[in-house]
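Novice: According to UniProt numbering, the sequence shown is numbered sequentially starting from 1. The C-beta atom is built at its ideal place from N, Cα and C for all residues, glycine as well. Just so it is clear, the structure is predicted and the values come from calculations on it, not from any experiment.
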Amino acid sequence: MIFHTLLYCFAFPFAVYLLYLERHKALPSIPTSGHGLVLLVFWTSVFIVENLTLLNLKNEKWWFSLNNLSDKIEFGFFVLRYSCGVLLFLLGLDAPGIPSAQDYFLFRQLQLQSDTAALLESGSPSNEASENHSAFADIGKKIKRLIPFLWPKRSLKLQLRVGICFGFLILGRVITVFVPQYNKYIIDSLTYRGEPLTFRWDYILVYVAFWFLQGQGSNSFLNNIRTFLWIRVQQYTVKEIELDMYAHLHSLSLKWHLSRKIGEVLRVMDRGTSSISNLLGYIIFNILPTFADIFIAVIYFAVAFNPWFGLIVFITMSLYLISTVWLTEWRTKFRRNTNKLDNEVEAQCVDSLLNFETVKYYNAEAYEMENYEKAIDNYQVAEWIGTASLNLLNTVQNIVISIGVMAGALLCAHYVVDGKLTSGDYVLFSSYILQLYAPLNFFGTYYRLIQTAFVDMENMFQLLNTEPEIVDKPNARPLKVRDGRIEFRNVNFSYVPERQILKDVSFVVPPGRTVALVGPTGSGKSTITRLLFRLYDVSSGEVLADGQNVADITQKSLRQSIGVVPQDTVLFNKSIRYNIGYGRPGASVEEIEDAAKAADIHNQILSFPEGYDTVVGERGLKLSGGEKQRVAIARTILKAPSFIILDEATSSLDTQTERNIQQSLANICKNKTSLIIAHRLSTIIHADEILVLNEGKIIERGTHSDLLELNGFYANMWQQQLEPEKGDGDKQ
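(1) Which residue marks the beginning of the alpha helix (DSSP H) containing L621, and which one marks its end?
(2) Compare the beta carbon distance of A545 and I486 with 9 angstroms and say whether it is the shorter of the two.
(3) Given this structure, state the Cα-to-Cα distance separating Q181 from Y246, to the nearest angstrom.
(4) For a quick check, are the C-beta atoms of I580 and Y612 less than 9 angstroms apart?
(5) From the DSSP output, which residues share a beta bridge with N694?
(6) With a threshold of 6 angstroms on Cβ separation, who are the neighbours of E344 within its own chain once the five nearest residues in sequence on each side are excluded?
(7) On a Cα-Cα basis, can you pick out the residue from S642, R200, S220 that is closest to I175?
(8) Whole angstroms are fine: how far does the CA of I637 sit from the CA of Y582?
(9) How is E469 classed by DSSP in three states: helix, strand or coil?
(10) Out of R619, L254, E591, which has the shortest C-alpha to C-alpha gap to K639?
(11) How do the stretch 327 to 336 and the stretch 448 to 465 stand: do at least 3 beta-carbon pairs fall below 8 angstroms, yes or no?
(12) Three Cβ pairs or more, each shorter than 8 angstroms: is that satisfied between the stretch 277 to 288 and the stretch 425 to 433?
(13) Could you give the distance in angstroms between the alpha-carbon of L311 and the alpha-carbon of G404?
(14) Output yes or no for whether 9 angstroms exceeds the beta carbon distance between I676 and I645.
(15) Output the residue ranges of the alpha helix (DSSP H) runs that lie fully inside the stretch 144 to 199 and measure 4 residues or longer, sorted by chain position.
(16) By DSSP's criteria, E487 is part of a beta bridge. Which residues make up the other side?
(17) Let me know if F533 comes out buried or exposed under the rule of 16 or more other beta-carbons within 10 Å of its beta-carbon.
(18) Mark D706 as exposed unless 16 or more other C-beta atoms lie within 10 angstroms of its C-beta, in which case mark it buried.
(19) Just the C-alpha distance for N549 and E695, rounded to the nearest angstrom, thanks.
(20) If you draw a straight line from the C-alpha of Q234 to the C-alpha of G281, how long is it?
(21) Spatial neighbours of R200 within its chain, please: C-beta separation below 6 angstroms, excluding the five flanking residues on both sides.
(22) In angstroms, rounded to a whole number, what distance separates the CA positions of R577 and K622?
(23) Any idea if D342 is buried or exposed, counting beta-carbon neighbours within 10 angstroms, 16 or more meaning buried?
(24) Name the residue from V396, W384, C349 whose alpha carbon lies nearest to the alpha carbon of E373.
(25) Starting from the Cα of A347, find the closest Cα among F356, Y320, K261 and give me that residue.
(26) Are T237 and S423 close, meaning C-beta to C-beta below 9 angstroms?
(27) Please state whether DSSP places E383 in a helix, a strand or coil.
(28) On the premise that T703 lies in contact with R513, defined as a C-beta separation below 8 angstroms, what is that separation, rounded to the nearest angstrom?
(29) For the stretch 357 to 367 and the stretch 296 to 310, state whether three or more C-beta atom pairs, one from each stretch, are separated by less than 8 angstroms.
(30) Closer than 7 angstroms by C-beta to I225: which residues in its own chain qualify, once you throw out the five before and the five after it? Chain order, please.
(31) M269 and V518 - do their beta-carbons sit closer together than 9 angstroms?
(32) Looking at chain D, is there any beta carbon in it that lies within less than 9 angstroms of the beta carbon of L532?
(33) Taking D552 as part of the alpha helix (DSSP H), name the residues at either end of that continuous run.
(34) Quick one: Cα of I553 to Cα of N475, how far?
(35) Do you know offhand how far D456's Cα is from Y379's?
(36) Per DSSP, V359 forms a beta bridge with which residues?
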């Protein structure tokens with residue numbers, strides 16, 4: 001007997017160790033199919049048997065009496081064995097195991113990668129395994145990431161609201177026990193037992209009061225008060241998440257934004273924000289109370305009725321939770337696929353509408369409709385699969401609950417017939433079980449909602465985890481503008497390692513002077529202005545503003561000192577006043593109008609029916625190209641920067657409009673250090689110096705007349721542009 005006792009006391013802790021390795025260390029020497037499920041079922045059965053043993057502790061047929069030392073020692077071994085059984089059961093629930101050799105090696109491949117995000121982007125074979133990972137993976141890290149949004153640390157009033165809501169939550173758990181208890185008292189007081197019946201109106205009043213506080217779902221008085229108090233807390237959460245996400249998107253690099261579709265980004269932001277705002281309510285006010293109700297019910301029935309009732313409730317709840325978790329995790333891949341296809345539908349729609357004019361130019365409405373219909377069809381197929389899997393989950397849940405209710409009702413009725421329980425006890429059991437199973441039934445729903453929320457948050461977390469490529473150094477200081485000198489010193493740059501865009505570029509723009517950049521497409525002209533604005537960091541070399549390396553100063557102060565008029569001006573879908581005033585928020589009406597006059601668009605604005613309040617439309621499409629450029633010039637004039645960048649500001653305009661706008665550009669560059677990118681060479685002949693770029697190198701430099709005398713690359717470009725202009729003049 002001693003040998004037997006020592007053997008199983010050694011075997012159980014050793015089994016815990018082996019199962020821990022199997023679940024967490026991933027060390028199956030010969031990976032087989034389905035061993036994780038088999039182990040879970042086995043140790044669950046052992047755990048149930050151990051609980052049956054524990055429930056019979058006070059039974060007269062217990063195999064030892066605990067009256068002597070050996071019985072006490074054996075009981076101590078039993079406690080150890082029971083503790084191991086609990087650990088084995090919990091470990092079995094912790095992870096599904098490694099189901100096959102293929103998945104095992106994919107899993108190991110993932111573990112060997114230090115950067116999972118890079119692995120996903122590379123499209124490696126392990127990507128499929130990653131898509132099927134649990135939505136609750138790294139749940140601790142996700143919840144920790146959410147805490148700053150969930151706790152209103154800056155508002156004492158909101159913190160008080162949170163405390164009151166938790167108080168109502170605890171009060172609700174207490175009332176959950178007393179409602180069926182007083183229902184039993186009423187039934188027993190109305191049951192004839194050979195004595196005159198007593199009208200217990202006090203029982204009825206207390207029962208009704210408790211029932212009023214508890215209610216049914218959304219009808220609960222406590223829930224209604226708690227929901228009312230929680231509105232402000234939820235609004236705080238939504239606001240904090242949206243502001244953080246909005247600020248983070250603006251902190252990401254131009255490279256990141258150029259590689260993303262705006263429709264998908266907005267959909268990810270919208271779904272992620274809504275899911276996070278609801279997650280706290282799901283967990284605190286639905287999942288945690290459900291687990292608390294289950295725990296209280298098991299203890300209550302085991303103590304007040306019979307241990308078998310507690311065991312029935314425990315087994316039913318366990319099977320329900322296990323089946324819900326398994327099937328919901330199985331459905332995760334369907335939800336992810338649905339989200340992916342939903343993003344594609346949104347992206348297709350947004351992309352098509354943003355290119356409305358292009359669609360019209362090519363008479364491609366039918367083609368766009370066909371693409372949109374295909375995207376919707378793919379989404380609906382995925383949605384159908386997800387709905388079918390949901391119906392399967394609901395069916396399994398109903399089967400488990402029905403079996404549990406039947407077992408408990410039969411046992412309770414048996415004890416009532418034997419006289420061990422009263423009719424009131426049967427009513428108590430029935431009402432308590434129905435009261436318990438109602439939130440348990442919603443547990444499946446809320447678990448799916450939480451799982452869906454985690455799935456929806458994954459893309460948003462990926463966005464939030466994206467590190468900005470351009471960041472201020474810890475000791476970055478504001479730019480101190482003195483003279484307004486720009487210098488590029490031995491600058492090399494490439495967007496991708498395979499292709500170098502700028503090669504040892506060096507030049508100086510003296511204070512108050514204008515330097516023009518010309519060259520064929522792809523020679524690196526716009527890249528130079530982006531490096532000055534620090535939308536990218538140089539690969540090597542230095543970019544200096546007034547002798548200060550732009551990498552050592554704050555981005556805010558640098559960009560505040562630079563005014564840009566781009567080639568393709570994009571305006572906000574708001575008033576002209578707003579778009580001009582965007583150059584300096586808070587500017588007065590007079591300052592905005594003065595800027596418009598300097599840009600020679602004031603009179604044109606006044607000719608509009610609504611004047612400065614005219615809404616310019618999406619991307620400014622209600623204005624002509626010249627009007628948009630003049631608004632952009634006015635905006636830059638209002639900003640009053642120390643440095644000016646004109647990035648082919650007139651290349652998209654016709655010749656006459658370009659000539660009309662040149663004076664406005666001259667006004668903006670007057671006495672300013674200016675860097676001009678030009679396609680039409682006639683617009684930069686006044687520049688103090690012209691830099692000619694080709695294949696990332698400065699091949700010529702000088703004034704317009706100097707470069708013509710050189711009779712090189714620039715002179716050839718000038719001659720090529722001059723001939724069409726002569727042709728146009730002859731025709732006229």
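Specialist: Taking the structure as given:
(1) Locating residue 621 in the sequence shown gives position 621, counting from the first residue. Unbroken run through L621: none, as it is neither H nor E.
(2) Start at 1 with the first residue of the sequence shown, and residue 545 comes out as number 545. Start at 1 with the first residue of the sequence shown, and residue 486 comes out as number 486. Result yes, Cβ atoms of A545 and I486 sit closer than 9 angstroms.
(3) Mapped onto the sequence shown, residue 181 falls at position 181. Mapped onto the sequence shown, residue 246 falls at position 246. Cα to Cα, the separation comes out at about 52 angstroms.
(4) For the purposes of this step, residue 580 is taken as the residue at position 580 of the sequence shown. For the purposes of this step, residue 612 is taken as the residue at position 612 of the sequence shown. Yes; because the gap between Cβ atoms is below 9 angstroms, this pair is in contact.
(5) Your numbering for residue 694 matches position 694 in the sequence shown. Beta-bridge pairing links N694 to K697.
(6) Numbered from 1 along the sequence shown, position 344 holds the residue referred to as residue 344. Same-chain partners within the cutoff: A375.
(7) Here residue 175 refers to the residue found at position 175 of the sequence shown. Of the listed residues, the one whose Cα sits closest to I175 is S220.
(8) Counted from its first residue, the sequence shown places residue 582 at position 582. Counted from its first residue, the sequence shown places residue 637 at position 637. Going from the Cα of Y582 to the Cα of I637 covers about 11 angstroms.
(9) To locate residue 469, count along the sequence shown from 1; it is residue 469. Here E469 sits in coil by DSSP.
(10) If you number the sequence shown from 1, residue 639 lands on position 639. Measuring from the Cα of K639, the nearest candidate turns out to be E591.
(11) yes
(12) no
(13) Within the sequence shown, numbered from 1, the residue matching residue 311 stands at position 311. Within the sequence shown, numbered from 1, the residue matching residue 404 stands at position 404. Roughly 10 angstroms separates the two Cα atoms.
(14) On the sequence shown, position 676 is the one that residue 676 refers to. On the sequence shown, position 645 is the one that residue 645 refers to. The answer is yes: Cβ separation under 9 angstroms.
(15) 156 to 189
(16) For the purposes of this step, residue 487 is taken as residue 487 along the sequence shown, with counting starting at 1. Per DSSP, V508, L544.
(17) Position 533 of the sequence shown, counted from the start, is the residue given in the question as residue 533. F533 comes out buried.
(18) On the sequence shown, residue 706 is found 706 positions in, with the first residue counted as 1. D706 is exposed by the Cβ-count criterion.
(19) The residue labelled residue 549 in the question sits at position 549 within the sequence shown. The residue labelled residue 695 in the question sits at position 695 within the sequence shown. So the two alpha carbons sit approximately 25 angstroms from each other.
(20) For the purposes of this step, residue 234 is identified with residue 234 of the sequence shown, where counting begins at 1. For the purposes of this step, residue 281 is identified with residue 281 of the sequence shown, where counting begins at 1. Rounded to whole angstroms, Q234 to G281 spans 8 angstroms at the Cα level.
(21) Along the sequence shown, read from residue 1 onward, the residue named residue 200 stands at position 200. S189, listed in sequence order.
(22) On the sequence shown, position 577 is the one that residue 577 refers to. On the sequence shown, position 622 is the one that residue 622 refers to. Going from the Cα of R577 to the Cα of K622 covers about 15 angstroms.
(23) Position 342 of the sequence shown holds residue 342. Its Cβ being crowded by 16 or more others within 10 Å, D342 is buried.
(24) The residue given as residue 373 occupies position 373 in the sequence shown. Of V396, W384, C349, the residue nearest in Cα terms is C349.
(25) As a position in the sequence shown, residue 347 is number 347, starting the count at 1. Of F356, Y320, K261, the residue nearest in Cα terms is K261.
(26) Position 237 of the sequence shown, counting from 1, holds the residue named residue 237. Position 423 of the sequence shown, counting from 1, holds the residue named residue 423. No, the pair does not count as a contact, with Cβ atoms beyond the cut-off.
(27) Residue 383 sits at position 383 when you count from the first residue of the sequence shown. DSSP places E383 in helix when its eight states are reduced to three.
(28) Along the sequence shown, read from residue 1 onward, the residue named residue 513 stands at position 513. Along the sequence shown, read from residue 1 onward, the residue named residue 703 stands at position 703. Not really, about 11 angstroms apart at Cβ, beyond 8 angstroms.
(29) no
(30) By 1-based counting over the sequence shown, the position of residue 225 is 225. The residues are F168.
(31) Position 518 of the sequence shown, counted from the first residue, corresponds to residue 518. Position 269 of the sequence shown, counted from the first residue, corresponds to residue 269. Cβ atoms of V518 and M269: not closer than 9 angstroms.
(32) Absent from the structure is chain D; it holds one protein chain and no more.
(33) Within the sequence shown, numbered from 1, the residue matching residue 552 stands at position 552. No alpha helix (DSSP H) holds D552; DSSP gives it neither H nor E.
(34) Stepping through the sequence shown from its first residue, residue 553 is reached at position 553. Stepping through the sequence shown from its first residue, residue 475 is reached at position 475. Taking the straight line from one Cα to the other gives about 8 angstroms.
(35) Here residue 456 refers to the residue found at position 456 when the sequence shown is read from its first residue. Here residue 379 refers to the residue found at position 379 when the sequence shown is read from its first residue. D456 and Y379: Cα-Cα distance of roughly 16 angstroms.
(36) Sequence index remark: in the sequence shown, residue 359 carries index 359 (1-based). Per DSSP, none; premise fails for V359.
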